[in-house]
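Residue numbers (our numbering): 2 to 276.
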């Protein structure tokens, strides 16, 4: 097995797991995060290893929820979700590696996959409204133009807008979860955006930033730009929920610790509303 294949396997298994944490319960955010991560991996010279899909499928399915994730008593749902997203991570990796959007699954394939992995339409993650939204956003990556998207393009123009919407929901406006489902005594309005950006800056300053950190460094760079109304609404809502601990921003200025490995080239600038 080549070094690239070994590296892909390690990253793919990690991504299939950590993408749930960075999704914050939103599958559209999860897709954008996966896309950004795999485009960084491709820019680093690591290519898709097709044998990993079947050989690591059982291990991916057997994964357990990340720490602090909402407790899900239905183990069948957990297994089906990890299996579903393992397949989708491999689909995206193949398409990014070949720069060929035709390798992404279409609507029919994704809906058939639900039952293939043991999912059912009544399961929360596979309800029609969930799948309709995910399929619609995946379709925005199914084009020749999308084949040329860089990590910057995906992070700045797709992941960040969706991340802000998800974070704002947990500050009180979310129709399903206006606060994070947390144990008593923990902060139900914690900003994971803030936590991840601070962590990324610290690791960048120490010279140990990984791909996840590079994504959040790009998030910080994007939020450095003035005039983002949704971001200001998020800051205001966060401050209202944290009297006495108000902040002027939820990220740290991206220039605080420059990351020389961050790929910031932009071949295409899709609209902010792309998902």
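We treat Cβ as the ideally placed atom computed from N, Cα and C, and that holds for glycine.
For residue i, which of helix, strand or coil comes out of DSSP?
i: residue 217; result: helix
i: residue 12; result: helix
i: residue 277; result: Here the chain comprises residues numbered 2 to 276, so residue 277 is not present and cannot be evaluated.
i: residue 38; result: helix
i: residue 212; result: helix
i: residue 20; result: helix
i: residue 148; result: helix
i: residue 4; result: helix
i: residue 126; result: helix
i: residue 251; result: coil
i: residue 243; result: coil
i: residue 202; result: helix
i: residue 154; result: helix
i: residue 174; result: helix
i: residue 82; result: helix
i: residue 232; result: helix
i: residue 66; result: coil
i: residue 73; result: coil
i: residue 97; result: helix
i: residue 237; result: helix
i: residue 179; result: coil
i: residue 207; result: coil
i: residue 190; result: coil
Within its chain, find whatever has a CB closer than 6 Å to the CB of residue i; leave out the 5 residues flanking it on each side and keep chain order.
i: residue 23; result: 34
i: residue 231; result: 165
i: residue 45; result: none
i: residue 156; result: 37, 216 and 219
i: residue 94; result: 39 and 49
i: residue 108; result: 136
i: residue 195; result: 251
Please classify residue i as buried or exposed, where buried requires at least 16 neighbouring CB atoms within 10 angstroms.
i: residue 247; result: exposed
i: residue 59; result: exposed
i: residue 244; result: exposed
i: residue 277; result: Here the chain comprises residues numbered 2 to 276, so residue 277 is not present and cannot be evaluated.
i: residue 137; result: exposed
i: residue 151; result: buried
i: residue 74; result: exposed
i: residue 223; result: buried
i: residue 163; result: buried
i: residue 130; result: exposed
i: residue 191; result: buried
i: residue 221; result: buried
i: residue 31; result: buried
i: residue 144; result: exposed
i: residue 214; result: buried
i: residue 20; result: buried
i: residue 100; result: exposed
i: residue 205; result: buried
i: residue 120; result: buried
i: residue 168; result: buried
i: residue 161; result: buried
i: residue 181; result: buried
Using C-beta distances below 8 Å, list every residue in its chain close to residue i, excluding the 5 sequence neighbours before and after it, in chain order.
i: residue 17; result: 61, 64, 83, 86, 87 and 90
i: residue 236; result: 248, 249, 250 and 251
i: residue 53; result: 6, 9, 10, 13 and 91
i: residue 102; result: 96, 142, 143, 144, 145, 147 and 148
i: residue 134; result: 28 and 29
i: residue 242; result: 172, 173 and 190
Select from the options the residue whose C-alpha is nearest the C-alpha of residue i.
i: residue 96; options: 39, 180 and 223; result: 39
i: residue 57; options: 46, 15 and 25; result: 15
i: residue 48; options: 182, 8, 244 and 225; result: 8
i: residue 42; options: 77, 98 and 128; result: 98
i: residue 149; options: 25, 4, 31 and 37; result: 37
i: residue 217; options: 208, 197 and 206; result: 197
i: residue 178; options: 26, 208, 128 and 21; result: 26
i: residue 114; options: 209, 81 and 239; result: 81
i: residue 240; options: 77, 173 and 117; result: 173
i: residue 106; options: 132, 122, 139 and 125; result: 139
i: residue 124; options: 134, 168, 76 and 161; result: 76
What residues in its chain sit with their C-beta under 7 Å from that of residue i, if we drop five residues either side in the sequence?
i: residue 267; result: For residue 267, the pLDDT reaches just 31, beneath the cut-off of 50, and the residue's location in the model is therefore unreliable, leaving the point undetermined.
i: residue 79; result: 66 and 73
i: residue 183; result: 189
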